[in-house]
Amino acid sequence: MKAISPASTAILIHSHHHSINHHRWFLSLPPRRHQQQHLTGSIPNPHSLKLTFITKAADSASQPSSSSAGAAAKTIVTDDGFSFSKLSFGVIGLGVGISLLSYGFGAYFNILPGSEWSAILLTYGFPLAIIGMALKYAELKPVPCLTYSDAQMLRETAATPILKQVKNDVTRYRYGDEQHLDEALKRIFQYGQAGGIPRRSAPILQMIQEEVTEDGKYCLVLVFEAKALQLSDFEKRQAKFSSFFGPGITAEVGKGENNLYEVRLISNSTSNA
1 MKAISPASTA ILIHSHHHSI NHHRWFLSLP PRRHQQQHLT GSIPNPHSLK LTFITKAADS
61 ASQPSSSSAG AAAKTIVTDD GFSFSKLSFG VIGLGVGISL LSYGFGAYFN ILPGSEWSAI
121 LLTYGFPLAI IGMALKYAEL KPVPCLTYSD AQMLRETAAT PILKQVKNDV TRYRYGDEQH
181 LDEALKRIFQ YGQAGGIPRR SAPILQMIQE EVTEDGKYCL VLVFEAKALQ LSDFEKRQAK
241 FSSFFGPGIT AEVGKGENNL YEVRLISNST SNA
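For the sequence shown, position 253 (counting from the first letter as 1) is numbered 253 according to the numbering used here, and the numbering increases by one without interruption.
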């Protein structure tokens, strides 16, 4: 067997990484020659090999956390069904009106067949296009709704009729309103009145969420954007939110990110039989 030079201190011969344990093998050799004269008595064999096995504890990152497991169990319900509330009557009226006008003019100038119908097409197409443009101008788009599966199952039995109506109103197209929940916000924040806020500072509803509280109650969360307001402006009107959307409602307010504020409307009953 070939002799190993004592000039080397330690050589790493193998490093094997597992997802759970880390094993490292080290080959330890005797000290350098200039140190042997002081350690001769402590080293019985200068060319002996010493194999050291080091075991590292399991990586904590590989252990699943309880919070992530709980979040995975909370699923979001997607609303993919057809509903007339998802249709924009402004887009429908404008599309039908322009189509009738286009075909009517084409038929009138004999570019398209049906010249005998051109007068009727133009007669109905023009007002439909005008109505469609008016509806499109006054259109208020629905806000996004985030619904969790447990809240969806609890909605029919625990949500109050007012909470159901609020959800239906803000998740469909509306016409003529300046913003969603305009009447409610006008009374709660008292636009232009003593102790109220200017109308230009009014909060704007960005989205809603349906969730279940820790004690098993249905909760409808209204998420507002209010750049000119503070959390204190919502806190001192917390009782007004409860009374306006009541009865049977407890309101809680909180601050989010990027000028967002949450108003949590919690139903006080677990069954609305």
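In this text, a Cβ means the ideal position worked out from N, Cα and C, and glycines have one as well.
Inset, instruction - Just the C-alpha distance for Gly132 and Val91, rounded to the nearest angstrom, thanks. - result: 6 Å
Legend entry - C-alpha distance - Gly93 paired with Ile266, whole-angstrom precision: 39 Å
Legend entry - Supposed contact pair Ala184 and Ser201 - C-beta distance, whole angstroms, cut 8 Å: About 16 Å separates the two Cβ atoms, so there is no contact after all.
Legend entry - Nearest-angstrom Cα separation, counted from Gly248 out to Thr147: 21 Å
Inset, instruction - State the CB to CB distance for the pair Asp233 and Ile188, rounded to an integer number of angstroms; the pair is presumed to be in contact (CB under 8 Å). - result: Rounded, the Cβ-Cβ distance is 10 Å, inconsistent with contact.
Legend entry - Among Leu135, Thr171, Pro203 and Ser149, nearest to Ser274 - alpha-carbon criterion: A question about residue 274 goes unanswered here, because the residues of the chain that appear run from 1 up to 273.
Inset, instruction - Could you tell me if Lys50 is buried or exposed, where buried requires 16 or more neighbouring beta carbons within 10 angstroms of its beta carbon? - result: Low confidence applies to Lys50: its pLDDT is 43, below 50, so where it sits in the model is not reliable, and the reading given next is rough at best. By the 10 Å Cβ count, Lys50 comes out exposed.
Inset, instruction - Could you tell me which of Ala159, Ala119 and Ser99 sits nearest to Ile130, measuring between CA atoms? - result: Ser99
Legend entry - Straight-line Cα distance separating Gly97 from Tyr218: 44 Å
Inset, instruction - Could you tell me if Phe241 is buried or exposed, where buried requires 16 or more neighbouring beta carbons within 10 angstroms of its beta carbon? - result: buried
Inset, instruction - May I ask which residues mark the beginning and end of the beta strand (DSSP E) holding Glu257? - result: Note, Glu257: premise wrong, no beta strand (DSSP E); not H, not E.
Legend entry - Residue nearest to Ile207 in terms of C-alpha spacing, selected from Val143, Tyr108, Tyr137 and Val77: Sequence inspection shows Met at residue 207; the Ile mentioned does not correspond to that position. Among Val143, Tyr108, Tyr137 and Val77, the Cα nearest to that of Met207 belongs to Val143.
Inset, instruction - Find the nearest neighbour of Ala251 within the set Ser269, Asn259, Leu220 and Trp117, judged by alpha-carbon distance. - result: Leu220
Inset, instruction - In the DSSP assignment, find the beta strand (DSSP E) that holds Tyr148 and state where it starts and stops. - result: Cys145 to Tyr148
Legend entry - Proximity below 8 Å, CB of Phe224 to CB of Tyr191: no
Inset, instruction - Return yes when the Cβ of Glu139 is within less than 8 Å of the Cβ of Ile173, no when it is not. - result: Residue 173 is actually Tyr in this sequence, not Ile. Going by C-beta atoms, Tyr173 is nearer than 8 Å to Glu139.
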